[in-house]
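J.: Pasting in a structure now, in structure tokens, and then I'll have a few things to ask.
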Amino acid sequence: MADQSLSALEQSFFGKRILITGGLGFIGSNLARRLADAGAHLILVDSLIPDYGGNLFNIDGYADRVNVNIADVRDEYSMDYLVQGQDILFNLAGQTSHLDSMRDPYTDLEINVRSQLSILEACRKKNPGIKIVYASTRQFYGKPDYLPVDERHLLHPTDVNGVNKMAGEWYHIIYNNIYGIRATSLRLTNTYGPRMRLEDGRVVPNFIPQALRGEPLTVYGDGQQTRSFCYCSDLIEGIYRLLMSAEHDPVNIGNPNELTILQFAETINRLTGNPAGIVFQPEKRIKDDPQTRQPDIAKARALLNWEPQVQLETGLSRTIEYFRNRI
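Its first residue numbered 45, the sequence shown is counted upward by one per residue in the working numbering.
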């Protein structure tokens with residue numbers, strides 16, 4: 045029997061057979077914990093490739109409530125087997141580091157493009173009735189032509205990761221339109237929260253460990269570039285709502301409220317009590333990195349009745365507390 049304390053959306057997952065690729069990573073493990081609480085039957089697929097974020101510790105306390113399969117989503121034979129009998133696939137596996145994609149473009153191509161074909165072909169052949177939500181990115185919008193950036197914005201990625209994630213999303217669109225695989229895509233903007241991979245070149249996972257170690261926060265450039273941050277539980281609510289809707293076109297999920305990197309660094313220092321301050325490294329500003337990434341979420345509001353609920357300081361406080369004794 046479904047737990048009546050759960051939301052109506054969460055209750056709709058009771059008893060469902062769900063496969064999560066990248067299930068031991070940041071978003072996958074947070075989603076898995078919520079779905080396990082809702083009474084879903086879960087298989088978490090993860091390759092546990094070092095430095096890609098998958099970690100068995102992320103399901104601490106839930107290991108007996110989920111099934112874990114250590115497999116690489118590029119392996120078509122594994123995926124042929126794993127998708128069978130599943131009601132829902134949350135396709136979250138991917139290489140997310142923009143810097144790593146430039147250092148090692150071939151691996152990024154394999155994980156973010158070839159793997160998507162392996163997954164979609166497995167669904168087409170073995171389980172065409174499955175529902176799929178694909179975790180995409182705003183990265184391929186590139187430098188915005190206008191703000192806020194809506195889903196009709198031209199796509200002009202500025203790095204290898206953006207090109208490959210764009211291709212992965214289009215494969216899902218094609219398989220939805222041609223083969224009738226019920227697939228849709230969320231374009232994510234700066235998701236953060238507990239269990240994220242630390243020190244991977246992005247702002248939140250770099251600043252928090254520096255602050256907790258009492259080190260000055262390193263800001264690339266002048267700190268006036270802006271970002272919009274979305275807490276993981278808000279993203280998960282968006283995932284729920286998109287899956288239960290009839291929408292098949294991509295949808296932006298993010299927080300439209302912006303602040304500068306400098307303001308963000310000052311907030312981290314204040315919340316952690318870090319007295320070390322901030323150091324600027326203008327020479328390390330990433331070439332062609334968009335200076336602002338404000339998403340337009342009007343479509344999510346209209347079609348999904350979704351918008352972020354967790355205030356930045358609340359989400360950061362939760363994230364900092366989670367990592368305080370783990371660094």
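Backbone N, C-alpha and C define an ideal beta-carbon position, used for all residues, glycine too. All of these numbers come straight from a predicted model, not from anything done at the bench.
(1) Let me confirm a value: V193 is counted as buried when at least 16 other C-beta atoms fall within 10 Å, else exposed. Which label applies?
(2) Could you give the residue range of the beta strand (DSSP E) that holds Q325?
(3) Please determine if the segment 95–105 and the segment 69–82 are in contact, where contact requires at least 3 C-beta pairs separated by less than 8 angstroms.
(4) Please go through the same chain and pick out, in chain order, the residues whose beta-carbon is closer than 6 angstroms to the beta-carbon of G298, but skip the five residues on each side of it.
(5) Measure the beta-carbon distance from T270 to Q325 and round it to whole angstroms, keeping in mind my assumption that it falls under 8 angstroms.
(6) When you compare only the Cα positions, how much space is there between R241 and P249?
(7) Can you say whether Y219 is buried or exposed, counting buried as having 16 or more other CB atoms within 10 angstroms of its CB?
(8) So, is N12 buried or exposed, given that buried needs 16 or more other C-beta atoms within 10 angstroms?
(9) How many angstroms separate the CA atom of L79 from the CA atom of S145?
(10) How long is the line joining the alpha carbons of R196 and D108, rounded to whole angstroms?
(11) May I have the straight-line CA-CA distance separating G258 from R246, to the nearest angstrom?
(12) Among I252, T316, R285, which residue has its Cα nearest to the Cα of L348?
(13) Among T304, F251, D266, G267, which residue has its Cα nearest to the Cα of Y260?
(14) Assign A46 to one of three DSSP states: helix, strand, or coil.
(15) Among the residues of its own chain, which have a CB less than 6 angstroms from the CB of Y185, if the five just before and after it don't count?
(16) Which two residues bound the contiguous beta strand (DSSP E) that contains Y264?
(17) So does the segment 114–133 actually touch the segment 165–185, counting three or more Cβ pairs closer than 8 angstroms?
(18) Counting only runs that start and end within the segment 101–165, where is the beta strand (DSSP E) found for 3 or more residues in a row?
(19) Out of A137, Y125, S229, which has the shortest C-alpha to C-alpha gap to S159?
(20) I'd like to check one pair, R231 with N31: are the Cβ atoms closer than 7 angstroms?
(21) Here's the rule: buried if 16 or more other CB atoms are within 10 angstroms of the residue's CB, otherwise exposed. What is E281?
(22) Would you please state the rounded distance, in angstroms, between the beta carbons of I176 and L126? I believe it to be under 8 angstroms.
(23) Using the Cα positions of Q128 and I225, report the straight-line distance between them to the nearest angstrom.
(24) Pick helix, strand or coil for P253, following the three-state DSSP scheme.
(25) With a threshold of 6 angstroms on Cβ separation, who are the neighbours of P294 within its own chain once the five nearest residues in sequence on each side are excluded?
(26) Going by DSSP in three states, S180 sits in which element: helix, strand or coil?
(27) Taking the beta strand (DSSP E) that H85 falls in, what are its first and last residues?
(28) Could you give the first and the last residue of the continuous beta strand (DSSP E) run that contains T233?
(29) Let me know the secondary structure DSSP gives E54 once reduced to three states.
(30) May I have the straight-line CA-CA distance separating A211 from G317, to the nearest angstrom?
(31) Report yes if the C-beta distance between Q393 and I174 is below 7 angstroms; otherwise report no.
(32) In terms of DSSP beta bridges, what is P339 paired with?
T.: Reading off the structure:
(1) buried
(2) 322–325
(3) yes
(4) T233, S272, C274, P339
(5) Not really, about 18 angstroms apart at Cβ, beyond 8 angstroms.
(6) 7 angstroms
(7) buried
(8) No statement about residue 12 is possible, as the shown extent of the chain runs from 45 to 371 and does not include it.
(9) 31 angstroms
(10) 43 angstroms
(11) 19 angstroms
(12) R285
(13) Just to set this straight, residue 260 is Pro in the shown sequence, not Tyr. When each option's Cα is compared against that of P260, the closest is F251.
(14) The pLDDT assigned to A46 is 48, lower than 50, so where the model puts this residue is not dependable; a value taken from the coordinates is nonetheless given after this. Reduced to three states, the DSSP call for A46 is coil.
(15) V193, H197
(16) 261–264
(17) yes
(18) 111–114, 132–135
(19) A137
(20) As shown, the chain starts at 45 and ends at 371. That puts residue 31 outside it, with no answer to give.
(21) buried
(22) Going by Cβ atoms, the distance from I176 to L126 rounds to 13 angstroms, so no, they are not a contact pair.
(23) 14 angstroms
(24) helix
(25) E195, S229, R231
(26) strand
(27) 85–90
(28) T233 -> no beta strand (DSSP E), and no H or E assigned at all.
(29) helix
(30) 43 angstroms
(31) It is not possible to answer for residue 393, since the shown part of the chain is limited to 45 through 371.
(32) V193
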